[in-house]
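Those sequence lines, one after another, are chains G and L. 1 is the number of the first residue of the first sequence in UniProt numbering; add one for each residue after it. 1 is the number of the first residue of the second sequence in UniProt numbering; add one for each residue after it. Below is one structure, written out as structure tokens; the observations come after it.
There are 2 protein chains.
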Amino acid sequence: MGIAERKGRDRAEREQRIVAAARVIAEREGWDAVTIRRLANEIEYSQPVLYAHFENRTAIVSAVAVEGFQEFTLALREAALGATDTGNALKAVALAYLAFALSRPALYEAMFILPTDLRFAVGDTRPELRAAFGALAAVVAPFCVDTDLMTETFWAALHGLAALEGSGRIRPSARDARISLVIQAIVVCGNDASA
Amino acid sequence: MGIAERKGRDRAEREQRIVAAARVIAEREGWDAVTIRRLANEIEYSQPVLYAHFENRTAIVSAVAVEGFQEFTLALREAALGATDTGNALKAVALAYLAFALSRPALYEAMFILPTDLRFAVGDTRPELRAAFGALAAVVAPFCVDTDLMTETFWAALHGLAALEGSGRIRPSARDARISLVIQAIVVCGNDASA
DNA sequence: TTATTAATCTAGCGACGCTAGATAATTTCA
DNA sequence: TGAAATTATCTAGCGTCGCTAGATTAATAA
């Protein structure tokens with residue numbers, strides 16, 4: 001009697017198709033092009049079907065963001081693993097952060113810029129988001145006394161670099177130099193109680 | 001024959017009323033509430049009149065952003081002037097930056113987050129935007145060899161802190177500690193050629 | 001087979017940005 | 001001064017949006 005199971009699978013698959021379509025359209029044409037009608041066409045169902053999966057459009061953006069956080073975490077972990085020492089790991093993660101943000105701008109936008117349902121830095125924060133924070137914290141920890149504090153600040157610096165470069169406000173050509181500056185600051189200042 | 005002048009003044013005043021209304025509504029109810037119809041009601045003209053002043057809605061957001069940059073520059077300069085030494089100036093400016101961003105979130109959003117017509121870091125960048133960058137550069141300069149590079153990085157760090165705190169992603173309670181960290185990094189690392 | 005429930009669709013509401021074309025006010029000039 | 005040209009402004013509406021009520025079809029249970 002696997003009928004219910006099959007239905008569940010079909011439903012999950014359709015949901016995944018919605019999220020995937022949203023992501024593809026956003027990356028190709030920007031988030032404004034991700035409309036409910038467009039997604040409905042894409043999955044070959046009528047519009048109300050989308051509302052059986054997601055409460056509203058924002059929830060779809062949020063679902064894409066969660067996917068993004070998963071891949072983001074993997075990318076950061078991989079960068080850290082490929083490094084030979086803790087200093088290299090820090091820099092590799094910073095480079096991976098910016099490469100991620102700038103190579104998938106729409107995904108990054110969903111994760112960090114657009115309004116979503118996601119709640120951060122509170123008790124019920126989703127594990128995908130916690131994991132991303134953890135991946136940053138892991139490479140920062142060797143260089144500081146207050147890991148949470150330093151991770152937040154490191155994250156903010158990287159987000160600032162990504163957001164400003166992504167919107168054309170700072171010179172792309174100086175990206176590496178800016179990252180080096182951030183890394184150096186953490187290495188030099190991290191273990192200072194006066195911080 | 002001051003008729004043309006009076007008309008010019010009337011027109012400029014009406015334009016200012018549009019921008020002011022947009023700003024007030026955005027700050028009170030968010031940018032989504034800033035619709036052309038709403039603004040038309042507010043200034044007591046029909047909708048097409050708005051298009052005699054601005055090419056489209058984005059141009060209105062941009063106009064608010066430019067106003068924001070003017071006030072932003074003043075706020076940063078004032079903070080720098082009130083300081084006793086260069087280190088204090090740096091910290092005062094950083095604090096003023098975050099206070100500005102978090103106390104007028106809609107204005108800051110127009111300046112740095114929403115899509116606008118504004119062009120940055122290029123030849124035809126508007127003087128209001130250059131001035132804001134200059135106000136940051138002025139307090140950073142004493143601490144570095146490459147002022148542009150350091151200013152971009154400082155700015156990115158502050159923007160990251162503002163954006164992440166403004167969207168609830170990092171703890172408001174740790175704001176001062178994060179700023180101290182950023183300031184310390186610049187003071188300690190700035191004059192290092194290895195950066 | 002029929003009654004019930006679940007799945008899906010059609011059609012439309014109110015609001016959006018924006019604009020064509022009509023009207024009213026003003027200015028120009030014979 | 002009075003008709004013609006120009007400018008200022010409005011009404012009305014196009015196409016699109018997110019979202020949903022209510023109808024319809026398909027699947028399940030009795």
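All C-beta atoms in this analysis are idealised placements derived from N, C-alpha and C, irrespective of residue type, glycine included. Because the structure is a prediction, the values reported are computed rather than measured.
Between G:T125 and G:A65, the gap from beta carbon to beta carbon reaches 7 Å or more.
Of the residues G:R119, G:A80, G:E27 and G:F72, the one whose Cα lies closest to the Cα of G:A59 is G:R119.
If you draw a 10 Å sphere on the C-beta of L:V122, you find fewer than 16 other C-beta atoms in it, and that means exposed.
Contacts with chain L (Cβ-Cβ distance below 8 Å) from the UniProt domain "HTH tetR-type" (12-72) of chain G involve no residue at all. If you ignore the 5 residues before and after G:A157, its C-beta comes within less than 7 Å of the C-beta of V182, all in its own chain and listed in chain order. At a C-beta separation below 8 Å, G:T86 has no neighbours in chain L, since its nearest C-beta there lies roughly 18 Å away. Interface flag for G:E152 against chain L is set, since a Cβ pair is found closer than 7 Å. In the three-state DSSP reduction, L:N41 falls in the helix class (H, G or I). Contiguous beta strand (DSSP E) elements confined to the UniProt domain "HTH tetR-type" (12-72) of chain L do not occur, taking only those with 3 or more residues. For L:R17, same chain residues with a beta-carbon under 7 Å away, outside a window of 5 residues either side, are I43 in chain order. Counting along the chain, the unbroken alpha helix (DSSP H) around G:P127 starts and ends at P127 to V140.
Proximity of G:A89 to chain L, defined by a Cβ-Cβ separation below 7 Å, is not satisfied.
About 6 Å separates the Cβ atoms of L:A92 and L:A80, confirming a contact at the 8 Å cut-off. Note that the C-beta distance between L:H159 and G:G168 is not below 7 Å. At a cut-off of 7 Å between beta carbons, G:R130 makes no contact with chain L.
Excluding the 5 residues flanking it on each side, G:R37 has same chain C-beta neighbours closer than 7 Å at Q47, in chain order.
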